[in-house]
Amino acid sequence: MADSSEETLLNSLRNAGVRLPPNVSSIGDLDPSDFVSICAQSLNLIAGDTASFPTSLPADSSVADQFKSCTDIASAIKDLGYLADIGSHQFLYPSEEESCKLIRFLVERLSECPPDGGKFVDFNVFGEGSEVKRDEFESYLEDWIEKTDENGVDNNLNKLEAKLNDLRFTSEGSESRTFMARGAKIDLDNKLGEFDENGLPRALNLKNSIQDLSDNGRNESNNEESASEEILISLKDRSLKTRYEIKETQDEENVFVDEVMVKDSTSRDLKEELELLKAAAEMAFDDRHSVDFYLEQLREKVESKRHHLEELYSEWEALRKPLEEEKRSLQKKLYSDRPEAEEKFSKLKEIELETHTVLSDVEKRKDELSELSKELQEKQPNMASRKSYIDRVKEITKNCRKQDTDIELILKDTRELQLESNSIQERLHRTYAVVDEIVFREAKKDPVGRQAYRLLTSIHESFEQISEKILATDRVRREVAEREKKLATMASRSLNVDKLQADLDSIMRENEHLEKSLEGKEDR
Numbered sequence: 001m002a003d004s005s006e007e008t009l010l011n012s013l014r015n016a017g018v019r020l021p022p023n024v025s026s027i028g029d030l031d032p033s034d035f036v037s038i039c040a041q042s043l044n045l046i047a048g049d050t051a052s053f054p055t056s057l058p059a060d061s062s063v064a065d066q067f068k069s070c071t072d073i074a075s076a077i078k079d080l081g082y083l084a085d086i087g088s089h090q091f092l093y094p095s096e097e098e099s100c101k102l103i104r105f106l107v108e109r110l111s112e113c114p115p116d117g118g119k120f121v122d123f124n125v126f127g128e129g130s131e132v133k134r135d136e137f138e139s140y141l142e143d144w145i146e147k148t149d150e151n152g153v154d155n156n157l158n159k160l161e162a163k164l165n166d167l168r169f170t171s172e173g174s175e176s177r178t179f180m181a182r183g184a185k186i187d188l189d190n191k192l193g194e195f196d197e198n199g200l201p202r203a204l205n206l207k208n209s210i211q212d213l214s215d216n217g218r219n220e221s222n223n224e225e226s227a228s229e230e231i232l233i234s235l236k237d238r239s240l241k242t243r244y245e246i247k248e249t250q251d252e253e254n255v256f257v258d259e260v261m262v263k264d265s266t267s268r269d270l271k272e273e274l275e276l277l278k279a280a281a282e283m284a285f286d287d288r289h290s291v292d293f294y295l296e297q298l299r300e301k302v303e304s305k306r307h308h309l310e311e312l313y314s315e316w317e318a319l320r321k322p323l324e325e326e327k328r329s330l331q332k333k334l335y336s337d338r339p340e341a342e343e344k345f346s347k348l349k350e351i352e353l354e355t356h357t358v359l360s361d362v363e364k365r366k367d368e369l370s371e372l373s374k375e376l377q378e379k380q381p382n383m384a385s386r387k388s389y390i391d392r393v394k395e396i397t398k399n400c401r402k403q404d405t406d407i408e409l410i411l412k413d414t415r416e417l418q419l420e421s422n423s424i425q426e427r428l429h430r431t432y433a434v435v436d437e438i439v440f441r442e443a444k445k446d447p448v449g450r451q452a453y454r455l456l457t458s459i460h461e462s463f464e465q466i467s468e469k470i471l472a473t474d475r476v477r478r479e480v481a482e483r484e485k486k487l488a489t490m491a492s493r494s495l496n497v498d499k500l501q502a503d504l505d506s507i508m509r510e511n512e513h514l515e516k517s518l519e520g521k522e523d524r
């Protein structure tokens, strides 16, 4: 099923106009450069004229440039609504699972785009061996015009160019556009084949060929419209590429400026350290005062700071003690009015202690596992027997099963406590509503009732704060579990360590080269 789904995704990309490398039957066959090319082509088709991403990673480019290109592609995909985490590492070191998710997302976005929209023409309909690129078409036509103007063969080509510029764009459907593109290509190949290396006509006069073109009727005018459309699209693509190169140059300039600022800050820190060293040297070589004099000054400063800290600590103690006494008195009042609350609170504390003990046991198990792995690495050259490995595996599985049973019991107790807590909370809400109504009626009559009403509201607010803190603690624990799960998945992810080490070495070499160039500029 996985192979068939991947094949379906690749066929969908081909149907959308994305050029795939040959002999690719599954997503696992794609290397990083092919994966980047597929994503860039898909983004260009989705965005149309508003974006132009490079469809390949240049082999002679630096690792920093490759990281920047992949980061731009990742941010563009994120802007399209991709919910999962994405970065440059998913393009340079792709995994099959993440690549499948990303390609499935791009296929969905490509299916939402209009089939033609006037943004691109599918040249794959001409078949292999007869594909004409738009840049080649444009260069052929420019050479044709320049050569005929230089040799004076025919000045009516300017009229042909004006006629091409005045043609209207048509939007009639994919089949008619494919037919027009095929007709334009065939006609262009025929006309270009009639010229020799100097741009002169071999058999027919250029005027007669242009007159024949103008007299062929509606079909050839449609071919000229499609050809002019291809010329304008290629010019737009070239302008977008130029803009993208300008943006890349500006980004590189900003990176260099940031690096210079970092170097300036480090140089300032070094200067400050040098000033301190100079001051220490002056103290050491000062003939007027001995070293003990400066040490005495430092001791006086340290003593003054210590006295200041002691004063602050005494002030804090004076503030802390009455607050703790007030807290204890409030707890006593609360427990005297609600003895059930004290029991529930003690149960919650016991549960927290149990969870802490379970977590400590888990940490101990992790430490034991790390120790066992270290022992395994130490004893590996001695070639321990297979029976010892089997015994260890059995022991670990036994411990894991025991942990699983403990976790199941904890989850069961937690669910029961949650149900009990929900029922108690509902009963408390109902009781509070009844008591609030009764006490409020009494509070209107005498001051004792008003004081009782204030105590009731304060008790209710205290319970709400306690429940909010418990819920916040639960949320934090769930977040910790999610983070641990993510760390486990990241640790289990397979990476090409050799390629990663090579990229790291190249980045370090580039950084050393930049540091040397900056030092040379500072020396100048």
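Following UniProt numbering, the numbering of the sequence shown begins with 1 at its first residue and continues without gaps.
Even for Gly, the Cβ is constructed at its ideal location relative to N, Cα and C.
From the options, pick the residue whose C-alpha is nearest to that of residue i; which is it?
i           : options                : result
S52         : S33, V63, I73          : I73
E371        : H307, K387, I396, T8   : I396
S37         : V18, V24, D29          : V18
D29         : S304, S99, R299        : S99
S88         : D65, L353, Q403, N399  : D65
L518        : N399, L456, V262, E275 : V262
residue 543 : E96, E6, V257, E352    : The chain is shown from 1 up to 524; residue 543 falls before or after that span and cannot be answered.
S267        : S336, E522, E7         : E522
residue 526 : E343, K305, F67        : Here the chain covers residues 1 to 524 and nothing more, so residue 526 does not appear.
H513        : E248, K349, D292, E259 : E259
V434        : V257, L456, E273       : L456
E342        : A84, N254, I466        : I466
Buried or exposed, going by whether 16 or more other CB atoms sit within 10 Å of the CB of residue i?
i           : result
L157        : Below a pLDDT of 50, predicted positions are generally treated as unreliable, and L157, at 43, falls in that range; the measurement from the model is reported next regardless. That one is buried.
A16         : buried
P54         : buried
E172        : Any reading at E172 must be qualified, since the residue scores a pLDDT of 39, below 50, and its modelled position is unreliable; no value is offered.
C39         : buried
A281        : exposed
residue 525 : Missing from the structure shown is residue 525; the chain here goes from 1 to 524 and no further.
I27         : buried
L43         : buried
S423        : exposed
S228        : buried
I77         : buried
E6          : buried
I86         : buried
L160        : Any reading at L160 must be qualified, since the residue scores a pLDDT of 43, below 50, and its modelled position is unreliable; the value itself is stated next. Result: buried.
I believe residue i touches residue j by the beta-carbon criterion, under 8 Å. Please report the beta-carbon distance rounded to the nearest angstrom.
i    : j    : result
L45  : I103 : About 14 Å; that fails the 8 Å criterion.
P22  : D34  : That pair is no contact at about 11 Å.
V358 : D413 : In fact, because the Cβ distance is near 11 Å, the residues do not count as touching under 8 Å.
S462 : L334 : 6 Å
L348 : I470 : 7 Å
Give me, in chain order, the residues of the same chain whose beta-carbon lies closer than 8 Å to that of residue i; leave out the 5 immediate sequence neighbours on both sides.
i    : result
S12  : V107, L110, S111
P32  : L57, F91, L92, Y93, P94
L309 : none
If I measure Cβ to Cβ from residue i and keep anything under 6 Å in the same chain, skipping five residues before and after, which residues do I get?
i    : result
V63  : D503, S506, I507
M283 : Y294
Q41  : V18, T55
T71  : S88
K444 : none
Please return the same chain residues whose Cβ sits closer than 7 Å to the Cβ of residue i, not counting the five positions on each side in sequence.
i    : result
Y432 : H460
R509 : none
N399 : R365
E128 : Residue confidence is low: E128 scores 39 on pLDDT, short of 50, so the model does not pin down where it sits. No coordinate-derived value is stated.
S69  : P54, L57
Of all the CB atoms in chain B, is at least one closer than 8 Å to the CB of residue i?
i    : result
T397 : Given the protein chain composition of this structure (a single chain), no chain B is represented.
(request) Indicate whether the contact test is met: 3 or more Cβ pairs, each with one atom in the segment 432–451 and one in the segment 308–323, closer than 8 Å. (result) no
(request) Taking 8 Å as the threshold, find out whether the segment 446–459 comes into contact with the segment 479–492 through three or more Cβ pairs. (result) no
(message) Does the structure place the segment 480–489 close enough to the segment 228–239 that three or more beta carbon pairs sit under 8 Å?
(response) no
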